[in-house]
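Participant:
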Amino acid sequence: MGRIFEVRKATMFARWDRMAKQFTRIGKEIIIAVKAGGPDPATNPALRRCFQNARSVGMPKDRVEAAIKRAQGKDTSNYEEILYEGYAPHGVALLVETATDNHVRTVANVKSHFNKGNGAMGNTGSVSFQFKKMGVFKLKPEGLNMDDLELELIDHGLEELGESADDNGNPIIVLRCAFVDFGNLQKGLEEKGITPISAELEWIPTTTVPVTDEQAEDVSKLIERLEQDEDVNKVFHNMG
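The sequence shown begins at 1 in the UniProt record's numbering and counts up by one.
(1) According to DSSP, simplified to helix, strand and coil, what is residue 251?
(2) Could you please give me the residues that DSSP links to L83 through a beta bridge?
(3) Spatial neighbours of F5 within its chain, please: C-beta separation below 8 Å, excluding the five flanking residues on both sides.
(4) Label A99 either buried or exposed according to how many other C-beta atoms from any shown protein chain fall within 10 Å of its C-beta, with 16 as the threshold for buried.
(5) Measuring alpha carbon to alpha carbon, tell me which of D181, N184, P205 and V104 ends up nearest F129.
(6) Taking the beta carbon of R105 as the centre, do at least 16 other beta carbons fall within 10 Å, making it buried, or is it exposed?
(7) Is M121 a contact residue of the ligand NAP, with contact defined as CB to any heavy atom under 7 Å?
(8) So, at 7 Å on beta carbons, what are the nonlocal neighbours of A93 in its own chain, with the 5 sequence-adjacent residues on each side left out?
(9) Can you tell me whether A88 is helix, strand or coil according to DSSP?
(10) Skipping 5 residues on each side, what residues in its chain have a beta carbon closer than 8 Å to that of E152?
(11) Just how far apart, CA to CA, sit R59 and C177?
(12) Assign A14 to one of three DSSP states: helix, strand, or coil.
(13) Using three-state DSSP, classify K234 as helix, strand or coil.
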């Protein structure tokens with residue numbers, strides 16, 4: 001397995017400009033996870049993933065507990081996860097993950113963002129074939145041997161292992177697995193006593209579109225517009 005090569009910094013990992021946006025996203029994910037698998041993280045891998053991500057962004061414990069209580073309440077909004085597809089300027093493909101309690105509002109807003117950003121919203125399947133949904137785990141490198149880690153986790157579904165850096169330039173180890181092996185790799189890390197910085201399901205491009213710095217700026221403006229929408233969780237693209 002080779003190193004993990006990132007595309008442009010504004011790239012396949014969603015960028016979050018405000019901490020409040022992160023808390024809102026994770027809060028929705030907690031509600032969805034609890035409704036689907038119950039409030040006990042010991043028997044709910046999706047909820048354990050939410051807890052890991054909440055810790056990674058410093059989400060207060062009371063915010064996490066409040067989200068769990070909301071999920072168990074009778075008047076809680078039923079969030080639906082919907083994936084929208086389209087193209088940014090210069091032929092760059094975009095996947096927009098949303099969590100919404102009003103799909104009519106969300107689809108109208110997403111379409112408006114595409115139009116205003118000189119992009120075009122597409123139909124289901126028009127873009128997603130250019131991506132592969134994978135589990136992505138980020139680890140602190142301290143105390144870990146990459147060769148040993150690779151050998152020990154292959155049987156748990158590990159497909160790619162490489163070095164990268166976080167938004168602050170700190171070194172991290174990135175692990176990737178197939179979507180269906182997310183739980184297996186999560187369990188493997190837990191058995192080794194390794195707590196990831198974050199654990200996410202992400203759409204990784206299978207091919208990339210080369211763009212100039214000026215073209216990348218045009219694409220980034222649309223991505224930022226989409227990310228600012230309260231119903232949008234993440235935006236993925238194949239800009240190279």
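Just so it is clear, CB atoms sit at the ideal spot from N, CA and C, and this is done for glycine as well.
Facilitator: Put simply:
(1) Because the chain is modelled from 1 through 240, residue 251 falls outside the range shown and cannot be assessed.
(2) Taking the sequence shown and counting its residues from 1, one reaches residue 83 at position 83. Answer is E97.
(3) Taking the first residue of the sequence shown as position 1, residue 5 is located at position 5. Confidence in F5 is poor, its pLDDT being 41 and thus under 50, which makes the residue's placement unreliable; the coordinate value appears in the next sentence. Correct list, in chain order: G162.
(4) Within the sequence shown, numbered from 1, the residue matching residue 99 stands at position 99. Buried, by the Cβ-count rule.
(5) If you number the sequence shown from 1, residue 129 lands on position 129. Closest by alpha carbon: P205.
(6) Here residue 105 refers to the residue found at position 105 of the sequence shown. R105 counts as exposed, since fewer than 16 other beta carbons sit within 10 angstroms of its beta carbon.
(7) Absence of the ligand NAP is noted for the structure shown, with no ligands found whatsoever.
(8) Sequence index remark: in the sequence shown, residue 93 carries index 93 (1-based). So the list reads Y87, V127, Q130, H237 and N238, once near-sequence residues are dropped.
(9) Counting from one through the sequence shown, the residue named residue 88 turns up at place 88. DSSP places A88 in coil when its eight states are reduced to three.
(10) If you number the sequence shown from 1, residue 152 lands on position 152. Excluding five sequence positions before and after E152, the CB atoms of its chain that fall closer than 8 Å to its own CB belong to G188 and K192, given in chain order.
(11) The residue labelled residue 59 in the question sits at position 59 within the sequence shown. The residue labelled residue 177 in the question sits at position 177 within the sequence shown. Looking at the sequence itself, residue 59 is Met, so the reference to Arg does not match. One alpha carbon belongs to M59, the other to C177, and they sit about 26 Å apart.
(12) Looking up residue 14 in the sequence shown gives position 14. Low confidence applies here, because A14 scores a pLDDT of 42, under 50, leaving its location unreliable; read the following figure in that light. A14 falls in the coil class under three-state DSSP.
(13) Within the sequence shown, numbered from 1, the residue matching residue 234 stands at position 234. Strand.
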